[in-house]
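Numbering (the working numbering), first residue to last: 117 to 343.
Okay, structure first, notes after.
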């Protein structure tokens, strides 16, 4: 067929069928103009599906100058959200259709009804592609931002193993530094002298009274039990 039907699956359930809900048919509106005022007196609708045998109408559409635009708009709709292998097959099919297209058989203006159909359908598919791709692009941008934030968090916070090693080194280094500082600043002999001085000042009076009492009892030849 000159243009495959557009499958409107559940993935696109929020979008309406751009061809009056008649997909997969393609509607070609032919207007018959009569009298000198060019008023429309009748309108005929021709529908073609993938099995259509109207080769004449099919050939006219494929030979229209806007056929490649129509084909590209259709393929772009199909490529939205599709896996890579599906996109590749779509591009191959589109290339094959373009190679089979008839170049320059029909000029714009030769068939105004066909010109109108090709123009309208191409614009409709282009708008449909934009509507479908917008939420997908927004979702991809959102996930990209989240990924960047996760990477920033990972870089600013080291792994638990690295944190544990750093804490161990910090503790060991601090202990060694504290020992070195204590050893270099504190003199053991000076500390003993200071401690003895504090104890002497605190208990000197009490020790003096005990000494006097001890001497008195010793002269009498009798010591108290507390001695």
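The beta carbon of each residue, even a glycine, is placed where N, CA and C say it ideally should be.
Please read these numbers as outputs of a predicted model, since none were measured by experiment.
* **Whole-angstrom distance between residue 238 and residue 244, CA atom to CA atom** => 10 angstroms
* Asked: For residue 248, does the count of other Cβ atoms within 10 angstroms reach 16, so buried, or fall short, so exposed?
  -> buried
* Asked: With burial defined as no fewer than 16 other Cβ atoms inside 10 Å of the residue's Cβ, what is the status of residue 176: buried or exposed?
  -> buried
* **Rounded distance between the beta-carbons of residue 224 and residue 251, thought under 8 angstroms** => That pair is no contact at about 35 angstroms.
* Asked: For residue 250, which of helix, strand or coil comes out of DSSP?
  -> helix
* Output the boundary residues of the alpha helix (DSSP H) element that contains residue 182. => Per DSSP, residue 182 belongs to no alpha helix (DSSP H) and is neither H nor E.
* Asked: Would you say residue 192 and residue 257 are within 9 angstroms of each other, going by their C-beta atoms?
  -> no
* Evaluate residue 165 with the Cβ neighbour count: other Cβ atoms within 10 Å of its Cβ, from every protein chain shown; 16 or more gives buried, anything less gives exposed. => Because residue 165 carries a pLDDT of 43, less than 50, the predicted location of this residue cannot be relied on, and the following value inherits that uncertainty. Exposed, since its Cβ has fewer than 16 Cβ neighbours within 10 Å.
* Just confirm the distance between the C-beta atoms of residue 214 and residue 187, as a whole number of angstroms; I'd bet it's less than 8 angstroms. => 7 angstroms
* To do: Using beta-carbon positions only, say whether residue 183 and residue 234 come within less than 9 angstroms of one another.
  => yes
* To do: Pick helix, strand or coil for residue 309, following the three-state DSSP scheme.
  => helix
* What separation, rounded to the nearest whole angstrom, lies between the Cα atoms of residue 185 and residue 260? -> 32 angstroms
* To do: Measure the alpha-carbon distance for residue 228 versus residue 178 and round it to whole angstroms.
  => 16 angstroms
* Asked: What do you get for residue 230, buried or exposed, if any count of 16 or more other CB atoms within 10 angstroms of its CB means buried?
  -> buried
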